[in-house]
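Everything in the sequence shown is counted per our numbering, starting at 43 for the first residue and increasing by one.
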Amino acid sequence: MDRIGPAERPILSEGAKRVTADLLQTINTIYDCVGDELDHHRCLAAIGEAVDGTSLSVGEVFPFFGRIRLIANYCVPEDAARIMVDSFSTIESNSFMKNLPRFPEGVPFMRRTFVSDEEHYQSDIYKLASEPWGLHSEGATIFSKSIVSAKFCGFFRLPGKAELDIHDLSKLAILNGHYMKAMKFQDRISGLETALLRANNVLDLLDFGLLLFGDQKSPLYVNQAAHRILEKSDVMSLGRDGLIFSSSKSQNHYEKIFSSVVGSRSSPTKGTGGLVQVSPASFRRPYNVVVQPISSHQTGVADATIGVLIFDPNAKRTTAIELFSTSYGLTKKETQLALHLAEGLSVDEYAKSHNVSINTVRTHVRSIYEKTNTTRQPELVSLILRLTAGLNWT
């Protein structure tokens, strides 16, 4: 096949160049909205402006419950949005939800593809939410579908705006595709942050002090046990250059081991860690300070390569119940219920034995499942057993 030479390639018009530049700028804005949480309002504003002031609304529908949850709007009359939510009906009486299974994901479609103008103009949703404001050119893009819900981005035009055409829909298809990717990126980031937070919660429940170091002498992370031990200790403290010992002998020994572990990253034979025993002035049993190489995936703390463990033989021990409860942010009642479920009690049996309503117990169960990312009692039991294996329950 003959290749097209540079002189034969089509040259973009100035108008096409402007459209391309505008789309690229909008795509850049969409990904710039990813952060601590996705800025949906800014995303919708950027997309809406790029498609000549098209009004947009992103949300999630629950067809079998006749419910809709709006996440963000752009250029949507406030009362119209409220009425759309309030008048949303069940799957049997809503043409959009009836046709939901056959809508492809990521492709913008107009309302008239699944309901005629005549039927639409006779519907309550049109008379209540569209006609009073002169809304037209209604349509939507399905972002994702599951058994119970679907995420979507609805669009329409306000009075004075032209009907959406194929060029507008093409822009929407391109930009919505990037919007969907940005949402997935945000979900991944949020998942990693949740995992990191949960990992750090677990590290805070360790019975021993833990300091994590990277390339610098100052620690990347210090758990609560380490803070408690160092605050009470009369022979150790934490300074800008890491651990400081009152005994020069202990200090030299610690720094020698620490340096050998740092060197082991370039030469594994140089050092694999060691132990420093530090006797408190109060004649209590000595602290054991262990220095060892680690990898960041072991702790969930990025760039951590050295772990310093401080064992205080007189410290209070953490129970398995405290570990489970704090790791997942459970309330006292939720923790009590989860442990009874782990022992084989049913929801009905728990409600009767604790003299609470079955609905209250079910509410707590849903909260437990959501916080622990489980969906069934066997999964919850397995999680509790894995998390608390080898720890005291009392």
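Yeah, the Cβ is synthetic: ideal placement off N, Cα and C, and Gly gets one too. The model shown is predicted, which means the values in this text are computed figures rather than measured ones.
Whose C-beta lies closer than 8 Å to the C-beta of residue i among residues of the same chain, with five residues either side of it excluded?
i    : result
L65  : A92, K213, I216, L217
I336 : L254, A346, T347, I348, G349
S324 : D276
Please work out which residues of its chain come closer than 7 Å, Cβ to Cβ, to residue i, disregarding the five sequence neighbours upstream and downstream, and give them in chain order.
i    : result
S279 : L272, I286
F227 : V76
T414 : Y370, L422, L425
G316 : I299, V333
R282 : S260
Under 8 Å between the Cβ atoms of residue i and residue j?
i    : j    : result
T183 : V127 : no
Y329 : D354 : yes
H82  : I110 : no
F437 : M225 : Limits of the chain in this structure are 43 at one end and 436 at the other, which puts residue 437 out of reach.
V343 : L253 : no
T96  : L206 : yes
S172 : E180 : yes
Q258 : V303 : no
H322 : S275 : It is worth fixing the name first, because residue 322 is Pro in this sequence and not His. Cβ distance < 8 Å, so P322 and S275 count as in contact.
L425 : H406 : no
L170 : I125 : yes
F104 : V190 : yes
E376 : S409 : yes
L142 : A192 : yes
S301 : V320 : no
I352 : A268 : yes
R404 : N356 : no
L98  : G90  : yes
T417 : Y411 : yes
C117 : L200 : yes
Take residue i as the anchor and find which of the options has the nearest alpha-carbon.
i    : options                : result
S165 : P146, S188, F138       : F138
S220 : K375, K59, C85, T414   : A small fix is needed here, since residue 220 is His in this sequence, not Ser. For the residues K375, K59, C85, T414, the minimum Cα distance to H220 belongs to C85.
M222 : E147, R326, T414       : E147
N265 : V61, Y73, K259, G251   : G251
M152 : Y116, S301, R418, C195 : C195
V331 : A323, I299, I208       : I299
D229 : T402, L142, E79, N401  : E79
T62  : I336, G315, H209, D283 : H209
Y296 : T155, L98, I348, N115  : I348
S188 : E102, I69, K394, Y392  : E102
Below 6 Å CB to CB, which residues in the same chain sit around residue i once its five sequence neighbours on both sides are set aside?
i    : result
V423 : A384
W175 : P119, A122
A49  : Because the pLDDT of A49 is 49, which lies under 50, any placement of that residue in the model is unreliable, and the number read from its coordinates should be weighed accordingly. So the list is empty, once near-sequence residues are dropped.
Q419 : L383
V157 : S137
F145 : I184
V398 : none
Is residue i helix, strand or coil when you go by DSSP?
i    : result
E160 : helix
G316 : strand
I336 : coil
N178 : Here residue 178 is His; the residue named in the question, Asn, does not match the sequence. H178 falls in the strand class under three-state DSSP.
S367 : helix
A114 : strand
T71  : helix
E205 : coil
V304 : helix
R154 : helix
G90  : helix
E56  : helix
A192 : strand
R109 : strand
E273 : helix
G77  : coil
E134 : Any reading at E134 must be qualified, since the residue scores a pLDDT of 47, below 50, and its modelled position is unreliable; the value itself is stated next. Of the three classes helix, strand and coil, the one that applies to E134 here is helix, per DSSP.
A381 : The identity of residue 381 in the sequence shown is Leu, whereas the question assumes Ala. Three-state result, L381: helix.
R418 : coil
L200 : coil
F227 : helix
N330 : strand
V423 : helix
S388 : coil
T373 : coil
T402 : helix
L170 : helix
Does any residue of chain B bring its CB to less than 8 Å from the CB of residue i?
i    : result
K226 : No chain B is part of this structure, which consists of one protein chain only.
Legend entry - Cβ pair count under 8 Å reaching 3, the segment 386 to 395 against the segment 369 to 376: Taking a contact to require three or more Cβ pairs closer than 8 Å, the segment 386 to 395 and the segment 369 to 376 do not qualify as touching.
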